[in-house]
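Structure record follows, encoded as structure tokens.
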Amino acid sequence: MVDMPYMQQSLCKDHFVKFFEKRIRRTIRVNKLIDGKDTIAVGLSGGKDSTATTYLLHELLKENPNVRIVAITLDEGIGECRDYSTQFAKDFCKGLGIEHHIYTFKKELGFTMQDVMKKVDYVPACSFCGVFRRHLLNVKARELSADKLAVGHNLDDEAQVGLMNFIRGDMLRMARAGVLIDIVKDEHFVPRIKPLRDTPESEVAWYVILKEFAVEPCTCPFAGEAYRNDVRRVLDMMENGHPGTRQQIIKSMDKLVPVLRKEFTNGKKPAECERCGELTSGSVCKVCEMKEELGF
Ligand code: SF4
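As structure tokens, this is what we get:
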């Protein structure tokens, strides 16, 4: 039985799987995440969330000949664990018959995360890696002519990031939150969709186990953003005492986001980075700024 305290119920395997898939379909339908003729690029790391996202999109859309799904795997150069998860992603896509592309930080950016970590040990690796990953996923999805980029962010991820942005007062980032990120209307930017946004992380883990996907857990040697870990602990504690807290945070964010988008972004056209031509809110994009800071 899978316990769902926020609904005050537990479901058996079959009912849980049905419920899980129905909720994903609902998230996609209610938020109009997919058009019947989309090319959808999926960011597939080989972890549980991206594997479930890839599988579910494939299952939902395989009967539609007008929809194309392509999976993108990024190898950041973090060591052995990514080698395993990349191989898993390759086999998984092959099994489903999904077009799959693998890109490495080394080839695309000229350096790996191991190179980055030789230069900095005072900031969490994820601060750099996250920016580079987002950038490359967008560039590669665009090159593959994708209309949407699907990512595997689940309810826990979204609630954590929402709370972090709120604590930091980062209104621009909050304005960019949501299940569909299409705030930037520009040919450089591929809109992002998050089919798992309403699904708790523990239930994604259950789904992957019950479907018997041989997901390779990749424990990145550079993982562990202290601030985020603290937010996660606080939220877990709140959720245990008050089931449904994460859903409430997401609901509150959904009310705030349209207001923030109007206030912070309305009518403002993003600029192009003067060095690489990608979109930026200033004159130089974050990727170019970080590369300069790192001396690459
Ligand atoms: Fe990159 Fe951080 Fe993920 Fe490691 S845990 S791959 S450093 S984002």
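Under our numbering, read the sequence shown as residues 468 to 763, first letter to last.
All C-beta atoms, glycine included, are put in the ideal place defined by N, C-alpha and C.
When the options are compared against residue i, the one with the closest alpha-carbon
i: Glu-460; options: Val-675, Pro-710, Phe-595, Gly-544; result: The structure shown does not extend to residue 460, since the chain is modelled only from 468 to 763, so the question has no answer here.
i: Pro-737; options: Phe-731, Glu-730, Lys-729, Leu-746; result: Leu-746
i: Gly-562; options: Leu-478, Thr-518, Glu-543, Asn-531; result: Thr-518
i: Phe-555; options: His-525, Gly-513, Asp-502, Arg-492; result: Gly-513
i: Lys-420; options: Gly-544, Gly-749, Glu-683; result: Shown here, the chain extends from 468 to 763; a query on residue 420 therefore has no answer.
i: Ser-719; options: Asp-637, Met-641, Glu-566; result: Met-641
i: Leu-511; options: Glu-547, Cys-752, Phe-559; result: Phe-559
i: Lys-515; options: Glu-566, Gly-691, Ile-569, Ser-552; result: Ser-552
i: Ala-681; options: Pro-688, Cys-687, Trp-673; result: Trp-673
i: Ile-565; options: Val-509, Met-704, Val-675; result: Val-509
i: Cys-479; options: Pro-472, Lys-485, Met-468; result: Met-468
i: Arg-699; options: Ile-648, Thr-712, Leu-527, Arg-609; result: Thr-712
i: Ala-690; options: Tyr-473, Leu-500, Met-471, Met-580; result: Met-580
i: Glu-679; options: Pro-472, Tyr-473, Val-484; result: Val-484
i: Asp-721; options: Lys-585, Ile-648, Cys-687; result: Ile-648
i: Glu-575; options: Asn-605, Lys-586, Val-587, Asn-696; result: Asn-605
Short Cβ contact (7 Å threshold) for residue i with residue j
i: Asp-623; j: Glu-668; result: yes
i: Leu-616; j: Val-646; result: no
i: Thr-520; j: Gly-619; result: yes
i: Ile-536; j: Lys-607; result: no
i: Asp-542; j: Thr-571; result: yes
i: Leu-452; j: Met-638; result: This structure cannot speak to residue 452, because the chain is shown only from 468 to 763.
i: Leu-663; j: Asn-621; result: yes
i: Lys-573; j: Gly-544; result: yes
i: Asn-525; j: Val-754; result: Reading off the sequence, residue 525 comes out as His, not Asn. Result no, Cβ atoms of His-525 and Val-754 do not sit closer than 7 Å.
i: Ile-634; j: Leu-500; result: no
Host beta strand (DSSP E) of residue i (start-end)
i: Met-471; result: 469-471
i: Lys-615; result: 615-617
i: Gly-629; result: Gly-629 -> not in any beta strand (DSSP E); alpha helix (DSSP H) instead, spanning 622-635.
i: Thr-712; result: Run containing Thr-712: none in the beta strand (DSSP E); it sits in the alpha helix (DSSP H), 712-731.
CB-CB length for residue i against residue j, believed under 8 Å
i: Asn-533; j: Lys-489; result: That pair is no contact at about 23 Å.
i: Ile-716; j: Ala-626; result: 4 Å
i: Met-757; j: Val-598; result: 6 Å
i: Arg-492; j: Leu-527; result: 7 Å
i: Phe-487; j: Glu-739; result: In fact, because the Cβ distance is near 41 Å, the residues do not count as touching under 8 Å.
i: Pro-710; j: Pro-472; result: 4 Å
i: Thr-686; j: Cys-548; result: 6 Å
i: Cys-593; j: Glu-706; result: With 8 Å as the limit, Cys-593 and Glu-706 do not qualify as a contact, their Cβ atoms being about 23 Å apart.
i: Asp-614; j: Asp-502; result: 7 Å
i: Lys-557; j: His-567; result: 6 Å
According to DSSP, residues forming a beta bridge with residue i
i: His-568; result: Ile-539
i: Gln-476; result: Met-471
i: Gly-510; result: Ile-539
i: Ala-738; result: Thr-747
i: Leu-647; result: Ile-660
Residue i: first and last residue of the uninterrupted alpha helix (DSSP H) it sits in
i: Asn-605; result: 592-610
i: Glu-679; result: Neither: Glu-679 is in no alpha helix (DSSP H) and is coded neither H nor E.
i: Asp-582; result: 580-586
i: Ala-642; result: 638-642
i: Lys-758; result: 753-761
i: Lys-499; result: Taken as a continuous stretch (DSSP letters only), Lys-499 belongs to no alpha helix (DSSP H), as it is neither H nor E.
i: Asn-707; result: 693-708
i: Phe-555; result: 547-563
i: Glu-526; result: 515-528
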